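Mapping of the sequence shown onto this note's numbering: residues 1 to 79, in sequence order.
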Amino acid sequence: MKRRLQARITIEAVLAIACLTLAIVTVVDREWIEGLTGADPDAGSGAIEWLVVIGLGLASVILSRLAWRTGRRLRAAGT
């Protein structure tokens, strides 16, 4: 069980950091999404980018909270 919890906390923490990093990149350079996909769904208004920032920020907070909770479970399991 400890090994499974350790793997889970690692995955949650890595995903939280990745989401936060992408949110920061999107705030700094809003055009990276268009450069990557070649699509401009919001016709240059930036609305989609702000939705991406909010979504990634929210995902980062949720994943961080899950990692914290998993860490508590791991400590309770007696590491």
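Quick reminder that beta carbons are idealized off the backbone N, C-alpha and C, glycines included.
What you are looking at is a predicted structure, and each value in this text was computed from that prediction instead of being measured.
For the alpha helix (DSSP H) holding residue i, just list the boundary residues, first then last.
i   : result
A23 : 2-28
A76 : 47-76
E34 : 32-37
How would you label residue i, buried or exposed, when you count the other beta carbons within 10 angstroms and need 16 or more for buried?
i   : result
I33 : buried
A47 : exposed
I9  : buried
A7  : exposed
E31 : exposed
A16 : buried
L51 : exposed
Meets three-Cβ-pair contact criterion under 8 Å: the stretch 62-69 and the stretch 36-46: Contact between the stretch 62-69 and the stretch 36-46 is absent: fewer than 3 CB-CB pairs across the two stretches fall below 8 Å.
The stretch 50-58 / the stretch 11-24 touching (three or more Cβ pairs under 8 Å): The stretch 50-58 makes contact with the stretch 11-24, as at least three CB pairs between them are under 8 Å.
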